[in-house]
Structure formats: structure tokens, C-alpha cells
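The structure under discussion appears below in the form of C-alpha cells.
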């Protein structure tokens, strides 16, 4: 499954206001719930926080991929946010995180969930992609960068 099928430009936050992990999760969840009224923001944040308790989704290199599953979701949904100043996300390398992809998947979709997670992680392994995301000036630039990288992956 390609990211272009599940992320839209209106689910991209060029500059997160959050100053901590829970704030980032809330901001990324807000973008999703504002476009999907059947999803409760409080429930989504709770699922994401519970997932973080199992182990941080801060994978290092300035990247975090928080994710969770809800039974009220019919297909995967992705939102993206960037923090130019970076923040502590309990990342594996102990460094701040700047780039955040939130993945929300249906409760019974292990295969698709893992497929999308793998795709995002593969894209983010490329330092050139991370650099482009950090340098993008607008929401449109961020979206174009994500879609372009997705096509190449």
C-alpha cells in the first residue's frame, strides 16, 4: 500500500506547536479526528500513549513513528508533523525527534499495518529524504516530498 493512498495534504503539520511527546500525539491525533469524525480524539491519544508505554516509537535519526489500532477505523490513516526545534521523544538514540509520522490502522489489520510501517521506516532511513523534509518550506512542499519518496520506494 502506497502512502499516497492514505495521506492527504490536510493531514500534514509543517510546524508542530507541541513541546513534549504527549503534545505531539495530541496534535497529530487532532489532525486525523478533525477529518474523521467517527474517531474519538481522546481514545486515539490513549491508544497511542499505551503503545508508547510498550516502547518508544522514536526510532532515532530524528524520527518517530507513533502508531496504533482502533476498531472504529476502516483503513489505514497517516498524519505527519515536523518540529524544527525538535523535542524529547524517548528515542532509541537519545536524540531529539523532528519528524513524526502517525499511523492509525484498523484493529484487525496486522498485515497492512506492518506493511505501511515498513514503508514509512524505509523512506525515513534515507538521510536525503529526512533532510528534504526538514528543509521544505510549505505544507505543499512536505506533501510533494513525501509522495515523491513514496514513489521511489
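Residue numbers (this note's numbering): 191 to 343. All residues carry an ideal CB built from backbone N, CA and C; glycine is no exception. All of these numbers come straight from a predicted model, not from anything done at the bench.
Exercise for the section: Taking only runs that begin and end inside the segment 248 to 299, name each unbroken beta strand (DSSP E) of 3 or more residues, in chain order. Expected result: 248 to 250, 257 to 260, 267 to 277 and 287 to 296
Problem - Extent of the continuous alpha helix (DSSP H) run through residue 230 - result: In the chain shown, residue 230 corresponds to position 40, counting from 1. Looking at the DSSP string, residue 230 is not in any alpha helix (DSSP H), and its letter there is neither H nor E.
Exercise for the section: With a cut-off of 8 angstroms on the beta carbons, I'd call residue 336 and residue 193 a contact; round off their distance for me. Expected result: Counted from its first residue, the chain shown places residue 336 at position 146. Counted from its first residue, the chain shown places residue 193 at position 3. With a Cβ gap of about 6 angstroms, residue 336 and residue 193 count as contacting.
Exercise for the section: Assuming residue 202 contacts residue 332 (C-beta within less than 8 angstroms), just tell me the rounded distance between them. Expected result: Translated into positions along the chain shown, residue 202 becomes position 12. Translated into positions along the chain shown, residue 332 becomes position 142. The Cβ separation is near 5 angstroms, so the contact holds.
Practice task
Might you give, ordered along the chain, the residues of its own chain that have their beta carbon closer than 7 angstroms to the beta carbon of residue 264, omitting 5 neighbours on each side?
Solution key: Taking the chain shown and counting its residues from 1, one reaches residue 264 at position 74. For residue 264, where only same-chain residues beyond five positions count, the Cβ hits under 7 angstroms are 296.
Exercise for the section: Report buried or exposed for residue 340, applying the criterion of at least 16 other Cβ atoms within 10 angstroms of its Cβ. Expected result: Here residue 340 refers to the residue found at position 150 when the chain shown is read from its first residue. Buried, by the Cβ-count rule.
Problem - Inter-residue Cα distance where the pair is residue 218 and residue 302 - result: Reading the chain shown from its first residue, position 28 is the one you call residue 218. Reading the chain shown from its first residue, position 112 is the one you call residue 302. Spanning the two alpha carbons is a distance of roughly 20 angstroms.
Practice task
Determine, using beta carbons only, whether residue 209 and residue 289 come nearer to each other than 8 angstroms.
Solution key: Counting from 1 along the chain shown, the entry for residue 209 is found at position 19. Counting from 1 along the chain shown, the entry for residue 289 is found at position 99. The answer is no: Cβ separation not under 8 angstroms.
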